[in-house]
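The next block holds one structure in the form of structure tokens; read it before the comments.
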Amino acid sequence: MTAPAIDIQDLWVSIDQTPVLEGVHLRVAPGDFLGIIGPNGAGKSILLKTLLGRVRPDRGSVRVFGKPPEHARGRVAYLPQRPEFDLKFPITAREVVQMGRLRAGRWLKPLTPDDRRRAEKALAQVRMTEHAGRQIAELSQGQLQRVLIARALAVEAPLLLLDEPTSALDPGAGSELYGLLEKLQPKVTIVLVSHEIGVISQVVRSVACLNRRLHYHGSKQITREMIEDTYGDTVDFIMHRHIHRILEPPEGPGR
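Dropping the structure here:
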């Protein structure tokens, strides 16, 4: 039997003794495209870092492809919400993307011709080939985000975790990214954190709502109850802006 890409059972996480995630259950099948929405401070980024093994749970079980997260890192690519390195560091866009080809145990080994070819492919996928030789400090915020996306793609891992990947992109570039992610399906399992409720529900296969507790039913349908439980007092604002685009009546009689 094939192990789920992600299997979380009764996950509880606290940061500095403050509860962040409570009783989270989540199972994601290989090849799924899951979108996670929720307000700021809901624990979305912490959930991704828990899947990476960077945050240890207070209790509960987390498995990635049947293994503890720290033993599955070579099978996971991650795009953080913000760069995790000094943007003043003298490194080119191409070199940043090539870093995606380095795996545990290979840090001191030279890149192979195949590594370089795959890095160039990733740069082309995000339309950054012409800027590949520029220092990252010279790039615009949107260009830098494309480079970081390319680095995640260059890993060619079977699980891709993306934290607000379109936050620095204009609408056109954001649409291109979503189109690119759809092309990776179903070979790659994708978990995408986003605040773009109306957009995300159109591109993913299933949606989960998170605000410390997770609401997930294995489909892309978002119910009013899920929105109310997740966004609380702001539900009327959320419903006014987005609900006409994301709430679809159930199909079939009696459902």
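Throughout, our numbering is defined as the position within the sequence shown, counted from one, plus 7.
Where is the CB? At the ideal position from N, CA and C, for every residue including glycine.
Counted as a single uninterrupted DSSP element, the stretch harbouring Q142 is not any alpha helix (DSSP H), since DSSP gives it neither H nor E. It is roughly 36 Å from the alpha-carbon of S201 to the alpha-carbon of P117. Collapsing the DSSP output to three states places A157 in a helix. The beta carbon of D236 sits closer than 8 Å to those of C216, N218, R220 and H222, all from its chain and outside the five residues before and after it, given in chain order.
The criterion of a C-beta distance shorter than 7 Å is not satisfied by I98 and I156. For G107, the CB contacts under 6 Å within the same chain, skipping 5 residues up- and downstream, are R158, A161 and V162 in chain order. Secondary structure of K74 (DSSP, three-state): strand. With contacts defined as CB atoms closer than 7 Å, V104 and L130 qualify as a contacting pair.
Residue ranges of uninterrupted alpha helix (DSSP H) with 4 or more members, entirely inside the segment 181-213 and ordered along the chain, are 204-210. Of all C-beta pairs linking the segment 15-28 to the segment 176-188, fewer than three are shorter than 8 Å, placing the two stretches out of contact. If you look at A84, you'll find it in the beta strand (DSSP E) that goes V83 to L86. Taking 7 Å as the cut-off, the Cβ atoms of A175 and G149 count as close.
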